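Below you'll find the structure, written out as structure tokens, and then a few comments.
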Amino acid sequence: MARGARFVQQSAWSAFACAAVLAPCAPEARAANAYVFAIQPKTASEALIEFAVQANISIGGVNACHGLSAGLNGRYSIDDGLTRLLANTGCGFHRVAPDTVGVFVQPAAPLPARPVAQPRQGQPQTTPEPMAAVSPLVVTTTKRSALISTLPYAISAIGRDQLVEAGAKDIGDIAAQIPGLATTNLGLGRDKILLRGLSDGVFTGRTQSTVGIYLDDVPITYNAPDPDLQLADVRAVEVLRGPQGSLYGGGAMSGVYRIITRKPMFDAWAANARAGVSFTQQGALSQEFEGMLNAPLISDATAMRLVAYQTVEGGYIDATDLRLANVDKTTRTGARAALSAALGADWLVNATVGYQSIKANDAQYVTPGGGRLHRANQILETSQNNFTHAAVSAERAEPWGHFKSTTAYVQHRFSNRSDASTALPLFGLGAAAVGSYEEPINIQMLTEDAVLTSPNSGRLQWLAGLYGAATWEKTNSLVRAAGPDTTAQTLYSETRSDQRDVAALYGEASYALTDRVTATVGARLGRSTSQTKSDVRSPQLYGRRLYSGSSQGWGFTPKLALSYTLAANRTLYWLASEGGRGGGINTGGPIGTAFVTGDGPGVHRQFGSDRLYNFETGAKLTFLDGRLSVNADLFYDVWRNIQTDQFMASGLSYTANAGDGRNAGAEIEVVARPAAGWTVQGTALINDPVLTHANAGFSKGVNLPGVPDVSLGGRTAYRWSVSETLTALVSAEAQYIGRSHLTFNANTSPSMGGYILARFSAQIQRRDWRLALFLSNPANARGNTFSYGNPFNFQQAQELTPERPRTLRVVLSKDF
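Count along the sequence shown from 1, then add 1; that gives the number in our numbering.
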């Protein structure tokens with residue numbers, strides 16, 4: 002396996018270098034910056050929206066342009082295309098960034114000068130910001146560029162400007178802006194993402210993730226925790242809620258979370274740097290750094306983009322038994338390099354390599370009774386999460402469609418250490434000792450996704466794709482003990498290897514039945530095979546257990562949607578979709594573990610597949626000349642034979658089928674510009690996730706674990722011009738997380754939630770400089786964000802994960 006991994010890595014680097022070598026041979030490299038447009042004559046605002054979709058750029062000020070456009074057909078650069086599209090419309094444009102354009106109404110002929118009242122002495126001479134519309138958003142998570150307001154799905158997007166203003170480092174900084182998005186709070190590199198209240202449990206084990214996590218077009222997890230990639234030099238974050246089995250397969254039962262990075266620019270040198278420091282009450286100092294360099298290597302043909310960052314989160318938990326303070330220090334270090342090359346007149350190749358490492362000195366939960374920020378453990382519960390990826394994509398646009406192929410290699414290595422002292426008697430050791438449990442896991446994935454899409458014009462639009470993936474996973478689980486009366490020794494070990502292969506054919510087609518009604522159908526047909534080998538040993542009990550098994554199966558996942566267009570940027574839709582995951586094998590547990598058969602309670606050797614059926618209806622509306630945007634949906638989900646990761650009495654994990662569940666609820670997302678300079682956002686999820694039928698060992702009628710009945714988020718910001726070169730911004734945001742339970746067991750499951758996360762910010766920007774202050778948890782609240790920390794203790798003693806104490810963060814950034 003190591004040799005195969007080296008071969009894949011060498012191949013990725015070879016492809017990366019090959020693109021640089023071939024780029025000089027591109028005789029018509031400039032044409033690769035052009036796009037194929039097919040836009041019929043229509044109003045200028047509608048034509049601009051189609052232009053943004055087909056060129057995959059952002060265009061602001063669209064609603065201000067009221068003229069008529071003659072349309073655009075053929076291959077043009079962005080500047081040439083917009084010049085032709087806006088000819089004789091009375092509108093002009095200017096480039097805000099390589100992927101962002103602003104549209105304005107050209108001034109009429111000048112009128113005779115009129116007297117203007119002069120400001121009083123000392124009165125600031127500022128120009129108020131005009132009332133702005135909410136800009137339409139173009140997204141690509143549906144595997145084709147499309148305007149978010151026209152898609153029959155519940156989808157949210159946060160662009161680069163919002164990410165910068167929020168000072169977003171990771172998913173936790175944007176959760177308040179996306180309805181239905183939640184995460185556990187075990188710590189960086191250990192968390193699990195939950196969407197739309199569809200939770201199979203809060204623990205991470207053998208089950209495939211319910212949320213597909215993507216970096217650009219690459220899936221980066223299978224059954225691992227979220228690698229918590231820092232949002233460094235990111236163009237957008239897109240979240241697609243509800244099962245996406247027809248496009249993404251089994252790992253997207255409750256949706257897709259996708260990070261879209263910024264690509265190299267051919268025509269400009271650019272750089273930026275950001276540095277910051279944070280002060281946490283009763284905690285240690287935190288610091289951060291991030292830098293980016295964009296370098297054109299060959300004019301209009303090849304460019305490289307380099308990103309590096311490090312964040313050190315100071316600890317705030319004290320280990321009382323070990324007499325150590327601020328033990329939960331966490332360091333996240335990463336880098337990414339991207340190369341873009343225009344090959345000939347039509348092909349564009351992008352190659353990317355990246356690495357991130359997260360190291361935590363200790364966990365961040367506490368035990369009640371010892372104080373708000375204290376924990377009494379025998380060892381430091383360290384954790385690591387190392388993520389490496391390499392990807393090469395090649396794409397070509399033609400009048401008949403767009404082809405894109407992405408080949409990627411991902412290696413995800415993570416491990417956790419837990420205090421297992423209380424469980425040592427179950428592994429054959431009667432003497433008092435200090436025990437530890439470690440579970441290093443190494444996952445490697447090789448994926449290929451090739452997609453062909455039709456032009457974004459005409460009554461029929463379609464896409465077809467081929468997907469293949471090979472995954473290798475190796476786990477080494479160890480229970481060790483050491484103490485005054487015993488030497489260090491291994492009490493339990495399991496060496497397990499899994500190999501999974503997936504191949505799938507998928508497609509989607511949308512047809513405009515009328516000028517207002519569009520029908521969309523999609524499906525995915527896939528085949529998967531898996532092989533598992535396990536070797537369990539218990540030296541104290543002189544026992545050994547071997548297992549080897551394999552399985553294979555086919556899967557079919559359909560989708561059907563209808564949408565009705567009321568007017569520009571106003572859509573009603575109805576959707577039925579599905580998601581599913583294959584079954585698997587349990588192998589762990591102390592020697593003597595009895596794997597039950599039939600429907601009885603306990604650990605089953607095999608756990609079955611599960612299936613999710615989703616029905617939803619929604620509306621995407623704009624009001625007040627585009628200054629108010631409302632996206633809302635109602636959904637009803639039926640989940641059959643829910644897979645869930647649980648713990649045995651020994652603290653070792655296994656996977657079970659809990660039974661059948663359902664969730665009914667509503668989501669809403671509102672963005673408003675009520676006055677010049679003001680932006681107000683709000684999100685909400687109200688749902689009722691319940692286990693309606695329980696298998697043996699589970700409780701009927703309990704809520705699905707880890708997801709509250711209600712979660713609310715809101716943000717308001719005000720921006721104004723202090724002077725011609727100075728802009729100020731103040732904002733406030735809050736998120737309410739309702740109450741939930743940790744497990745499916747209604748009698749013993751600890752509760753959590755019922756708290757508010759709040760943050761204020763004040764920022765000053767002068768040309769390329771930005772100084773930002775963020776105050777988190779201003780009330781120094783003590784909400785319990787997660788009632789879990791250690792698999793060997795949580796069933797015996799209550800564990801709490803407190804909010805990070807009041808923290809002031811100061812960040813200075815500069816664009817070059």
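Idealized CB from N, CA, C, for every residue including glycine. Predicted, not measured: the structure shown is a model, and the values here were computed from it.
When rounded, the separation of the alpha-carbon atoms in residue 57 and residue 658 is 42 Å.
Sorting 424, 463 and 670 by C-alpha distance to the C-alpha of residue 479 places 424 at the top. With respect to the 8 Å criterion, residue 427 and residue 650 are classified as neighbours on the basis of their beta carbons.
Here residue 36 carries a strand assignment [DSSP, helix/strand/coil]. Residue 48: member of the alpha helix (DSSP H) spanning 45-56, first to last residue. Contact between the stretch 615-632 and the stretch 759-775 is absent: fewer than three C-beta pairs spanning the two stretches fall below 8 Å. If the five residues before and after residue 467 are omitted, its C-beta is found closer than 7 Å to the C-beta atoms of 451 and 506, all from its own chain and listed in chain order.
Following the DSSP letters along the chain, one finds residue 551 inside the beta strand (DSSP E) bounded by residues 544-568. When DSSP states are grouped into helix, strand and coil, residue 574 belongs to the strand group. For residue 753, the beta-bridge partners assigned by DSSP are 741. Where residue 402 is concerned, there is no enclosing alpha helix (DSSP H), although the beta strand (DSSP E) around it starts and stops at 402-420.
By DSSP's assignment, residue 220 forms a beta bridge with 215. Straight across, the Cα-Cα distance linking residue 430 with residue 541 is about 7 Å. The count of Cβ pairs closer than 8 Å, one atom from the stretch 282-292 and one from the stretch 307-319, reaches three, so the stretches are in contact. With a cut-off of 8 Å on Cβ pairs, the stretch 568-577 is not in contact with the stretch 228-241, counting fewer than three such pairs. Per DSSP, residue 165 lies in no beta strand (DSSP E); the unbroken alpha helix (DSSP H) holding it starts and ends at 161-166. The distance from the Cβ of residue 66 to that of residue 37 is about 23 Å, inconsistent with a contact at the 8 Å cut-off. With a threshold of 16 other beta carbon atoms within 10 Å, residue 582 meets it and is buried.
Secondary structure of residue 83 (DSSP, three-state): helix. According to the DSSP assignment, residue 292 belongs to no alpha helix (DSSP H) but to the beta strand (DSSP E) extending over 287-299. Taking residue 698 as reference, the option from 237, 602, 495 and 687 with the minimal CA-CA separation is 602.
In its chain, beyond the 5 residues on either side, 181, 242 and 255 have a beta carbon closer than 6 Å to the beta carbon of residue 197. With a cut-off of 8 Å on Cβ pairs, the stretch 210-225 is not in contact with the stretch 668-683, counting fewer than three such pairs.
By the neighbour-count definition (other C-beta atoms within 10 Å, threshold 16), residue 787 is a buried residue.
Listed in chain order, the alpha helix (DSSP H) runs fully inside the stretch 334-364 amount to none, counting runs of at least 4 residues. Excluding five sequence positions before and after residue 687, the CB atoms of its chain that fall closer than 6 Å to its own CB belong to 666, 667 and 711, given in chain order.
Under a 10 Å Cβ-count criterion, residue 640 is classified as buried, with 16 or more other Cβ atoms of the shown protein chains found around its own Cβ. Listed in chain order, the non-local C-beta contacts of residue 643 below 6 Å within the same chain comprise 201, 611, 659 and 662, local neighbours out to five positions each way being set aside.
In the DSSP annotation of this structure, residue 247 is not part of any beta strand (DSSP E); the continuous alpha helix (DSSP H) holding it starts and ends at 246-249.
443 is the residue among 373, 443 and 800 whose C-alpha sits nearest the C-alpha of residue 498.
Note on geometry: alpha-carbon atoms of residue 801 and residue 655 lie some 23 Å from one another.
Where residue 143 is concerned, there is no enclosing beta strand (DSSP E), because DSSP gives it neither an H nor an E. DSSP places residue 470 in the strand class (E or B) of the three-state scheme. The C-alpha of residue 778 lies about 25 Å from the C-alpha of residue 377.
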